[in-house]
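To convert, note that position 834 of the sequence shown is 834 in this note's numbering; the numbers rise steadily by one, no gaps. We put the beta carbon where it would ideally sit given N, CA and C, even for glycine. Here the structure is a predicted model, which is why all the values come from computation and not from measurement. Worksheet: the structure to be examined is printed underneath.
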Amino acid sequence: MERDEAMSEQERTEPGSYDVHAVEEKWLPVWEKLDPFRADDAAVLAGERPKRYALTMFPYPSGDLHMGHAEVFALHDVISRYWRFRGFEVLNPMGWDSFGLPAENAAIRNDEHPATYTYANIETQLESMKRYGLCFDWSRRLHTSDPEYYKWTQWLFLKLREQGLAYRKNSPVNWCPNDQTVLANEQVLADGTCERCGAEVTKKELTQWYFKTTHYAQELYDRLDDLQDTWIGKVVNSQRNWIGRSEGAHVVFEVEGHGPVTVFTTRPDTLFGATFFVVAADAKLAAEICAPEQREAFEVYLDEVRKASDIDRLSTERPKTGVFLGRYAVNPVNGERIPVWAADYVLADYGTGAIMAVPAQDQRDWDFAKAFDLPIVRTVQPPADFESSGGEAFTGTGPAINSANDEVSLNGMDVPEAKSTIIAWLESKGLGNGTINFRLRDWLLSRQRYWGAPIPIIHCPVDGEVAVPEDQLPVELPELRGADLKPKGTSPLGAAAEWVDVTCPTCGGPAKRDTDTMDTFVDSSWYFFRYLSPHDDDRAFDPALAEAWGPVDFYLGGDEHAVLHLLYSRFFTKALRDMGLITWDEPFSAYLSQGKVVNNGRKMSKSLGNGVSLGDQLSEYGVDAVRLTLVFASPPEDNIDWADVSPAGSLRFLQRAWRLSGDVTSEPGTPATGGDVALRKVTHKTVHEAEQLLESYRFNVVVARVMELVNATRKAIDSGCGPADPAVREAAETVAILLSLVAPYTAEEMWERLGHQPSVAQAAWLTVDPELLVEDSVTAVVQIQGKVRARLEVAPDITAADLEAVALADPDVVRAIDGRDVRRVIVRAPKLVNVVVGG
1 MERDEAMSEQ ERTEPGSYDV HAVEEKWLPV WEKLDPFRAD DAAVLAGERP
51 KRYALTMFPY PSGDLHMGHA EVFALHDVIS RYWRFRGFEV LNPMGWDSFG
101 LPAENAAIRN DEHPATYTYA NIETQLESMK RYGLCFDWSR RLHTSDPEYY
151 KWTQWLFLKL REQGLAYRKN SPVNWCPNDQ TVLANEQVLA DGTCERCGAE
201 VTKKELTQWY FKTTHYAQEL YDRLDDLQDT WIGKVVNSQR NWIGRSEGAH
251 VVFEVEGHGP VTVFTTRPDT LFGATFFVVA ADAKLAAEIC APEQREAFEV
301 YLDEVRKASD IDRLSTERPK TGVFLGRYAV NPVNGERIPV WAADYVLADY
351 GTGAIMAVPA QDQRDWDFAK AFDLPIVRTV QPPADFESSG GEAFTGTGPA
401 INSANDEVSL NGMDVPEAKS TIIAWLESKG LGNGTINFRL RDWLLSRQRY
451 WGAPIPIIHC PVDGEVAVPE DQLPVELPEL RGADLKPKGT SPLGAAAEWV
501 DVTCPTCGGP AKRDTDTMDT FVDSSWYFFR YLSPHDDDRA FDPALAEAWG
551 PVDFYLGGDE HAVLHLLYSR FFTKALRDMG LITWDEPFSA YLSQGKVVNN
601 GRKMSKSLGN GVSLGDQLSE YGVDAVRLTL VFASPPEDNI DWADVSPAGS
651 LRFLQRAWRL SGDVTSEPGT PATGGDVALR KVTHKTVHEA EQLLESYRFN
701 VVVARVMELV NATRKAIDSG CGPADPAVRE AAETVAILLS LVAPYTAEEM
751 WERLGHQPSV AQAAWLTVDP ELLVEDSVTA VVQIQGKVRA RLEVAPDITA
801 ADLEAVALAD PDVVRAIDGR DVRRVIVRAP KLVNVVVGG
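Right, here's the structure in full:
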C-alpha cells in the first residue's frame with residue numbers, strides 16, 4: 001500500500017464504512033467483562049490442555065506508550081492469539097519494570113517523588129494498552145517497585161548469597177559522573193559512555209555487591225548451541241562474544257622483589273617472545289610491585305589512567321602510554337629478566353590484571369614496544385614478504401621459531417602442537433597449567449540511588465555482614481517525601497537515619513542497614529517466574545506452576561537487551577535450578593527481537609523533528625489500522641520506516657473486510673460443503689499457508705494472504721457466486737479469525753455481523769481439508785534467454801520431460817525461438833522452463 005493522505009472524519013464514517021472510534025468504545029467494555037485471555041493454571045496442572053507461555057519485555061513507566069511499544073505489542077499479540085486459536089492454554093502476562101534510573105531521573109526533573117511519577121505513568125500506560133486491544137492476562141499484573149514484588153527480589157538475593165553467588169568486594173568500578181552511580185560492564189556502551197544518560201564513564205574504587213555470574217560461564221557458553229536454532233542468530237552471537245571463552249594457559253613469572261605472579265595467555269606457544277611484562281595501572285598488583293623510587297611517577301600516571309574508560313583503553317588506535325615500575329620479572333622458559341611496566345591497555349579485571357607482552361605476535365604489545373624501545377622477538381614465522389611489505393605484529397599461524405631451551409624445543413611445530421608441548425613442559429616444572437578463561441565478569445549490582453530494591457544486609461561492627469531475617473522482608477524503602485534525591489555519589493538512603501540505624505539480628509547491638517539499592521536488571525531477571533503466582537504471599541513463585549508453565553515458549557524484545565537482560569535471566573534460571581526450585585536449564589525456549597520504528601531513515605527524535613506520536617496516529621486512523629500497518633510493513637526483525645507506510649491504506653482495507661461480513665446472507669453454521677469449490681480452495685490454502693507462516697514468524701506475509709482472501713471473496717461474490725453461497729460465509733469467517741490476530745476490533749465487529757456471539761478470539765480455527773489443497777493445475781513459466789515468453793497451465797504432477805515437450809511445442813515459444821538452435825533446456829517441474837538458444 002502506497003502512502004496516502006490522512007483520511008477525513010467524513011471518510012471514516014461515511015455510509016458503507018464504520019466509525020473506528022465508536023467500534024473501539026463498543027468492544028472495550030465487552031472484553032473487560034468477558035476476560036477471554038485469563039490463563040487457567042488448573043487446566044495446565046491437570047494436563048487438560050497443552051501450554052504455551054508467551055512473553056514480551058515489560059516496559060519502563062517513563063511516559064505513555066510510543067511507536068516502539070506499538071510495534072512490539074502488535075507483533076506479540078499475533079503469536080499469542082494464534083496459539084489460543086490452536087487449542088493451547090496460553091499464559092500471556094504483563095507488568096511494569098518500575099524501579100530504576102529512567103523513572104527516578106524523570107521524577108527528579110519533574111520535581112516529583114519517584115513513586116508518584118511512576119505509578120501515574122503506569123495507569124496511563126495501562127489504559128493505552130487496553131485501548132490497543134492486547135490479549136494480556138491482566139489478573140497477573142505486577143510492578144517491580146511494589147513491596148509485594150521486591151520482597152522476593154530481596155529473598156532471592158539472600159538465597160544467592162547463601163549459595164556463594166552474591167558477595168561484596170572492593171575494586172575499581174565503572175562510575176557515571178552524571179547519574180552518580182556505578183554501572184555494570186554491560187551498561188557501558190562501546191564508546192565508553194553510560195547507556196542511560198550518555199555521560200563519559202570513569203573508574204572509581206568502591207566496595208560493592210556482585211553476583212557471581214562467572215560461576216556459570218562455561219554452561220552459559222555451552223548452552224548457546226542449544227539455542228542457535230530458536231533464538232535469532234545475532235543475539236546468540238552477541239551472548240557468545242560477551243562471555244568470550246578462550247583456551248590457553250596460566251603461566252607463573254617470578255617478579256623480583258615481589259614473588260610469583262600468574263598471567264593468563266591464549267598463546268603459550270609464544271612464551272619465548274615475551275620481552276616485557278605489563279600490569280594494569282589500576283590493579284592492586286601494580287602498586288604492590290612498584291619500586292619505591294618509581295612510586296611518585298606511578299601515582300601520577302595512575303591518576304591519568306583512572307580518567308579513561310575501558311573502551312578507550314582497549315582501543316588499538318590509542319597511543320600507548322605506561323610507566324616502568326622499577327622491577328623485573330623472570331621469563332620461565334628462558335630465564336631472561338624482562339622489565340615490568342604499568343600501562344593502561346591492560347584491564348585490572350582481566351585475568352590477574354597482568355600479561356606477558358609478546359610484541360611480535362600482538363599489535364598492542366608491538367605498539368608499546370615501539371613507543372618505549374623494547375625488544376621484539378618473533379616466535380612464529382610470518383610469510384616471506386610480511387616484513388618487507390610493512391608487516392608489524394604477526395597474529396597468524398605458522399611454524400614456531402626462536403623457541404627452544406635446553407629441555408624443550410618448539411621450533412618447526414605448528415601452533416596447536418607448540419601450545420600443547422609448552423603447556424606440558426610448564427606443568428612438569430610447576431610453572432603453569434592449561435586453562436580456560438572467560439571475558440565475562442561478575443555482575444556488579446550495587447547502585448547509589450534511591451529508587452530500587454534495598455539490599456537486605458545489615459552491617460554490624462561485631463558480626464560484619466548480616467542477612468536481614470526472612471520474616472523481616474521486605475526491607476521497604478523509606479518514603480523520603482520532600483527529600484533531595486539528586487545523585488551525589490552516595491545513596492540518598494544514607495540520610496534516612498531512622499531507617500539506617502537498626503539492631504543487629506545476631507548480637508542485638510547497634511548496626512546499620514546497607515544503603516545501596518539493587519540494579520533494576522535484578523528485578524527484570526526473574527519477573528517471568530513471578531508471573532506464575534504474582535499474588536502468592538508465601539513464596540516467590542510456586543514450583544509446581546513453574547514446572548507446568550516453564551520455560552517461556554516465546555520471548556519478544558529489543559536488540560538493546562541482547563546481552564544484559566538475557567544473560568542475567570539465564571544466570572538466575574541456572575541458579576534457581578541448582579537451588580531445586582525448577583528443573584529446566586534455560587528461561588526462554590525461543591527468542592525473537594523486533595526492529596525499530598524510524599522516520600525518514602532516522603531514529604525518531606524531537607530534536608530531529610521527525611517524531612511520530614502514537615496517540616495522534618491512533619486518533620487519526622484507529623487502533624486496528626496502526627496495528628495492521630506495523631505488522632504488515634516488514635518481517636518482525638527489520639526496521640519500519642513510518643514515512644514509507646500507509647495507515648490510511650490499512651484503514652481502507654479494514655473497511656473492505658468489514659463490508660464483506662455484511663454481504664453474507666447464509667445462516668451461521670451452514671456447512672460449507674457444496675459451496676463454490678474455487679473459493680473454498682483459496683480459503684483452505686490461505687489457512688494452511690498462514691499456519692506455516694505464523695510458526696516461522698512471517699507475520700507480514702500472513703497479512704498479505706488475508707488481503708488476497710478478501711479480494712478473492714469479493715471477486716467470487718461479484719462474479720455470480722452469490723452472498724448466500726456457504727463458501728462465502730466460510731471465507732468471511734476465516735477472514736475475521738485471521739484478522740483478529742492483527743486487528744481485533746474489526747474482527748470482532750465482523751464476527752458479530754456474521755451472526756456469532758463475542759468473542760472471535762474464542763472461535764474455532766478452521767480445520768484445513770487436505771483435498772482442497774490439491775491443485776488442479778499450476779502455472780508454468782517459460783523463459784527464453786531469461787525473458788518470459790509463455791505461461792502454461794499444466795498438471796501439478798507433470799514430469800520434467802513432458803513439461804519440456806509442452807513448452808517447446810507452444811506457439812509463442814516456437815515464435816520466440818525463431819529457428820535458432822536450442823542449446824540447453826533447464827526444467828524445474830512443474831513451474832519453470834528456461835530455454836537457452838544460440839545465434
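For residue i, the three-state DSSP class (helix, strand or coil)
| i | result |
| --- | --- |
| R12 | The predicted model places R12 with a pLDDT of 43, which falls under 50 and marks its position as unreliable, so this point remains unresolved. |
| N121 | helix |
| D641 | strand |
| G248 | strand |
| M604 | coil |
| D179 | coil |
| L841 | Nothing about residue 841 can be read from this structure; the chain reaches only from 1 to 839. |
| D373 | coil |
| A6 | Because the pLDDT at A6 is just 42, under 50, the model does not fix this residue reliably, and the point stays unresolved. |
| A70 | helix |
| F99 | coil |
| K685 | helix |
| M1 | Summary for M1: the model assigns pLDDT 44, below 50, so the residue's position carries little reliability, and this model does not support an answer. |
| K879 | Nothing about residue 879 can be reported from this structure: the residues present for the chain run from 1 to 839 only. |
| T116 | helix |
| T193 | strand |
| T517 | strand |
| L792 | strand |
Residue span of the beta strand (DSSP E) that contains residue i, given as start and end
| i | result |
| --- | --- |
| T503 | D501 to T503 |
| F840 | As shown, the chain starts at 1 and ends at 839. That puts residue 840 outside it, with no answer to give. |
| T265 | G259 to T265 |
| R52 | K51 to T56 |
| L91 | E89 to L91 |
Cβ shell of residue i (< 7 angstroms), same chain only, five flanking positions each side left out
| i | result |
| --- | --- |
| L851 | Because the chain in this structure spans residues 1 to 839, residue 851 falls outside the shown range and cannot be described. |
| W594 | A small fix is needed here, since residue 594 is Gln in this sequence, not Trp. Only E71, V72, L75, L556, G558, P636 and E637 meet the Cβ criterion. |
| A816 | I784 and R789 |
| P61 | W96, S98, A103, T118, N121, I122 and Q125 |
| R306 | T202, K203 and D282 |
| H143 | G95, W96, S98, I122 and Y149 |
| R337 | Y328 and V330 |
Cβ neighbours of residue i in the same chain (closer than 6 angstroms, five flanking residues each side left out)
| i | result |
| --- | --- |
| N178 | C197 and A199 |
| P487 | D179 and Q180 |
| A107 | P114 and Y117 |
| Y53 | L91, W549, V552 and D553 |
| R240 | L224 |
| I582 | A546 and L576 |
| V590 | Correcting the residue identity first, residue 590 is Ala in this sequence and not Val. Excluding sequence neighbours, A590 sits near T230 and F554. |
| K212 | L165 and D442 |
Where the alpha helix (DSSP H) containing residue i begins and where it ends
| i | result |
| --- | --- |
| L581 | Unbroken run through L581: none, as it is neither H nor E. |
| H459 | Not the alpha helix (DSSP H): H459 falls in the beta strand (DSSP E), residues I457 to C460. |
| V221 | According to the sequence displayed, residue 221 carries Tyr and not Val. Its alpha helix (DSSP H) spans residues A217 to D222. |
Beta-ladder partner(s) of residue i, from DSSP
| i | result |
| --- | --- |
| P510 | T503 |
| L206 | S171 |
| D624 | Paired residues: none, contrary to the question. |
| R828 | L832 |
| N599 | R602 |
| S593 | G557 |
| V188 | C194 |
| D137 | P93 |
| H76 | According to DSSP, H76 bridges with nothing at all. |
Chain-order list of residues whose beta-carbon lies under 8 angstroms from that of residue i (same chain, five-residue window excluded)
| i | result |
| --- | --- |
| L754 | S661, V664, P668, R729, A732, E733 and A736 |
| T266 | S246, E247, G248 and N437 |
| I232 | Y591, L592, S593 and E637 |
- Mind listing, in chain order, the continuous beta strand (DSSP E) runs of no fewer than 3 residues lying wholly within the region 320-367? 322-330, 337-343 and 354-357
- Message: To test your reading of the DSSP string, which unbroken beta strand (DSSP E) runs of 3 or more residues are found completely within the region 534-565?
- Response: 554-558
- Message: List, from N- to C-terminal side, the beta strand (DSSP E) runs of 3 residues or more that fit wholly inside the region 410-496.
- Response: 432-438, 457-460 and 464-467
- Task: Note down, one range per segment and in chain order, each alpha helix (DSSP H) of at least 4 residues found wholly within the region 699-731.
- Result: 699-716
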